[in-house]
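Student: Okay, here's the structure, questions in a sec.
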């Protein structure tokens, strides 16, 4: 059964993946493309691993999400522009909360 934590990991992964593509198309930022797509794929894989019953899938996704949130907080403080950093911080907070809740239910 797929739970909200898994859905949150996969959704945040899709958001990061799409954000990387959008960052590349708008600003020709290869770093955005690489970072967004790679972290997005890793978050999606973390969710898939959790579906297969391996509890470290969510732990991995939580750690990666917190890393992304710290990165986006730093960017928001530098640029003072809400998009995309603010959106990723809020989405990350929601995703980490949902993943953490599911993880504590599993353990």
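Numbering (the numbering used here), first residue to last: 38 to 144.
Even glycine gets a Cβ: it sits at the ideal position worked out from N, Cα and C.
Small disclaimer: the values here were computed from a predicted structure and weren't measured.
From this set, 52, 62, 90, which residue's C-alpha is nearest residue 79's C-alpha?
Tutor: For this step, residue 79 is matched to residue 42 along the chain shown. Residue 79 has its Cα closest to that of 52, out of 52, 62, 90.
Student: Mind checking whether residue 84 and residue 102 have CB atoms under 9 angstroms apart?
Tutor: One-based indexing of the chain shown puts residue 84 at position 47. One-based indexing of the chain shown puts residue 102 at position 65. Not a contact, by the Cβ cut-off of 9 angstroms.
Student: Please classify residue 89: does DSSP put it in a helix, a strand, or coil?
Tutor: Numbered from its first residue, the chain shown carries residue 89 at position 52. Three-state DSSP puts residue 89 in coil, outside helix and strand.
Student: Between the segment 49-68 and the segment 90-97, do three or more beta carbon pairs fall short of 8 angstroms?
Tutor: no
Student: Quick one: using the 10 Å Cβ neighbour count with 16 as the cut-off for buried, is residue 111 buried or exposed?
Tutor: Mapped onto the chain shown, residue 111 falls at position 74. Residue 111 is exposed by the Cβ-count criterion.
Student: Residue 135 and residue 54: beta carbons closer than 9 angstroms?
Tutor: Residue 135 sits at position 98 when you count from the first residue of the chain shown. Residue 54 sits at position 17 when you count from the first residue of the chain shown. Their beta carbons are not under 9 angstroms apart, which means residue 135 does not touch residue 54 by this criterion.
Student: When the Cα of residue 143 is compared with those of 87, 48, 47, which residue comes out closest?
Tutor: Against the chain shown, residue 143 aligns to sequence position 106. Distances from the CA of residue 143 to each of 87, 48, 47 were compared; the closest alpha carbon is that of 87.
Student: How about residue 46: is its Cβ closer than 8 angstroms to a heavy atom in the ligand NAD?
Tutor: This structure lacks the ligand NAD; in fact it carries no ligand of any kind.
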